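Worksheet for the structure shown next.
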Amino acid sequence: MDWDPDTDFVRIPRPRSVLRVLADLALLRFRRSVARDRGATIVDAAQVLSASGRAGQVLSRDETGGEWSITLGPPAARLEPPEAA
Numbered sequence: 319m320d321w322d323p324d325t326d327f328v329r330i331p332r333p334r335s336v337l338r339v340l341a342d343l344a345l346l347r348f349r350r351s352v353a354r355d356r357g358a359t360i361v362d363a364a365q366v367l368s369a370s371g372r373a374g375q376v377l378s379r380d381e382t383g384g385e386w387s388i389t390l391g392p393p394a395a396r397l398e399p400p401e402a403a
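Yeah, the sequence shown ends on 403 if you go by this note's numbering, and it's all consecutive.
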């Protein structure tokens with residue numbers, strides 16, 4: 319909606335077509351599904367990496383430039399003690 323303070327009416331844009339609204343909803347559901355699958359894949363990869371006892375990084379990039387990552391260090395038992403000063 320656009321409101322012009324110099325006038326006494328509100329301009330309401332013409333509603334979209336039903337097909338356009340349905341297409342937008344389908345696209346939104348698809349994007350949410352992709353994001354959910356990406357999150358589940360990252361968690362699974364991090365669990366495998368953690369169970370292997372190794373350090374590493376899981377990184378995911380999407381087409382919009384977004385980036386998700388998880389970095390795992392070595393298990394506490396394998397950390398080297400700090401050198402005495």
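Beta carbons are placed, not taken as given, at the ideal position from N, Cα and C, and that holds for glycine.
The structure presented is a predicted model; accordingly, all values stated were derived computationally and were not measured.
DSSP places glycine 357 in the helix class (H, G or I) of the three-state scheme. For serine 378, the enclosing beta strand (DSSP E) has its first and last residue at 374 to 379.
With respect to the 8 Å criterion, isoleucine 360 and serine 378 are classified as neighbours on the basis of their beta carbons.
In the DSSP assignment, the residues bridged to threonine 389 are Gln375.
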